[in-house]
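What follows is one structure encoded as C-alpha cells, with my remarks underneath.
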Amino acid sequence: MQSNASPVMLALVSSLFIAAQVPAQAPRPIFTDPQRDSIYPARSQVLHIPSGGVHINGLAYIAEGAHPHPAVILLHGLPGNEKNLDLAQAIRRAGWDVITFNYRGSWGSPGEFRFANNLEDAESVIAFVRDTANVRALNLDPRRIVIAGHSMGGWVTALTASHHPELLGAILISAADMGSIHAIPRDQMVKLMADDMESLAGVTAESMADEIIANGSRWTFGSAATDGLAHMPMLVLTANDGLASHVEPLVRQARALGNKRIVVVHHATDHSWNDSRIFLESRVIGWLEKLN
C-alpha cells in the first residue's frame, strides 16, 4: 500500500521507532557503528596462542584507528555455548580490542580439557597479548588490559586477576565458583558435569568431578581474594541463576582488603542474560569507559 507521508515524516517516524527500542542509558556503541576508518578499519585476526605445549584457538576483534587500543580478554564458561560474541563486538565498537579464545580441549582447541589447564591458558593469553610482536600485530596497549569472564570464565577471571594486580580491571558475569562445589557428593557432581560433553576433549564427567574434588578447596573465590585484588577495579554482574552467593565471599574479602573500586550489579535475568543483552552490554561498556 502506498503511503502519502512525506519522506521527511517517514524518516522522523523511523528514527523515533529506533530510539524507542534503545534504552535511554545505552551507550552509543550499542546501537551505532563508528565512522569507517579507511586506513585503519576494524578487523578480525585468527590467533594460535601457545599454551601447555599446543596452540589454542583464538580470535581478536581489533578496533579501528591508528592508536593502540586498550584490550579486553573475554573468557567463556563451561562448556561455552554462550560465548558473548555480541558483547565482544559492542566492546570493539567502543574502541577496545577484544581477545577471545577456547581453552585447551574445548571447541576444537588441541589438547585435553582440564580445569587446571583453563587457569594456565588464561595466563598464556595474558603473556601472548603482552608479547612485543603481538602488541604490534593487534594494535593494543599492553598496559591497559581488562580480563572478563562469564560463568566458569568468571572463576578463571577472578583467580587469574588475583595474580595480576597490574591489570586495568576485571569483569565477572554470572560467575560460578568452581572451587566451592568441591564438597557436594560425587554422584551429584558427575551429573552436574555431564552436560554438553561433546564440546570437550580428553575428559569425562567423572574425571571432571574428581579434579574439582581434589583441588576445589584451593580454587575458591575466597582463596582468590588476596592482596592482588586489593586495588583491582572490578565489575561484578549477577543474575537470578543462584550464583550471586558465589561471588559474595570474593567481594566481601576484597573490600576488607581496602578495595573501594568494586561495582556490584544484580539484574533479574537468566544465567546467559538471554533477555538482557542490551543491559549487559550497556553496563560493561559504561564501566569500561570510566576506566579508559
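Under our numbering, think of the first position of the sequence shown as 1, with each following residue one higher. Glycine included, C-beta positions come from ideal geometry on N, C-alpha and C. In this text, all values refer to a predicted model and were calculated from it rather than measured experimentally.
If the five residues before and after residue 135 are omitted, its C-beta is found closer than 6 Å to the C-beta atoms of 142, all from its own chain and listed in chain order. Within the model, the alpha-carbon separation for residue 138 versus residue 282 is close to 25 Å. Taking a contact as a CB-CB distance under 8 Å, the pair residue 122 and residue 75 counts as one, their CB atoms being some 7 Å apart.
Taken through DSSP and simplified to helix, strand or coil, residue 141 comes out as strand. About 7 Å separates the beta carbons of residue 165 and residue 231, which is inside the 8 Å limit, making them a contact pair. Residue 61 is bridged by DSSP to 44, 98. Residue state for residue 32 is assigned as coil, using DSSP reduced to three classes.
In the structure shown, residue 38 adopts coil according to DSSP, grouped into three states. Within the same chain, Cβ atoms closer than 7 Å to the Cβ of residue 89 are found at 61, the five residues on either side in sequence being excluded. Within the region 113-165, the alpha helix (DSSP H) runs of at least 4 residues that lie entirely inside it are, in chain order, 115-130, 132-138, 152-161. In this structure, residue 155 sits near residue 221, with a CB-CB distance shorter than 9 Å.
Fewer than three beta-carbon pairs drawn from the region 234-249 and the region 197-212 are found closer than 8 Å, and the two stretches are therefore not classed as touching. Looking only at 147, 42, 216, 83, the smallest Cα-Cα distance to residue 180 is reached by 216. In this structure, residue 259 sits near residue 229, with a CB-CB distance shorter than 9 Å.
Setting aside the 5 residues that flank it on each side, residue 203 is surrounded in the same chain by 113, each with a C-beta closer than 6 Å to its C-beta; the list follows chain order. Unbroken beta strand (DSSP E) runs of no fewer than 3 residues, entirely contained in the region 200-281, are found at 234-238, 262-266, following chain order. The C-beta distance from residue 146 to residue 171 rounds to 7 Å, short enough to fall under 8 Å. As computed with DSSP, residue 169 is found in a beta bridge with 146. Leaving aside the five residues that flank residue 290 on each side, none in its chain has a CB nearer than 8 Å to its CB. Out of 151, 126, 225, 87, the CA that lies nearest to the CA of residue 167 is found in 126. At least 9 Å separates the beta-carbon of residue 77 from that of residue 169.
Nearest in C-alpha terms to residue 102, of all of 55, 130, 86, 129, is 55. In the DSSP annotation of this structure, the continuous segment of the beta strand (DSSP E) that includes residue 71 starts and ends at 69-75. Leaving aside the five residues that flank residue 39 on each side, the residues in its chain whose CB is nearer than 8 Å to its CB run, in chain order, 66. Within the DSSP bridge table, the entry for residue 50 names 55 as partners. The bridge partners DSSP lists for residue 109 come to none. Residue 70 sits buried, since 16 or more C-beta atoms from the chains shown fall within 10 Å of its C-beta. Between residue 118 and residue 104, the C-beta gap is smaller than 9 Å, which places the two residues in contact.
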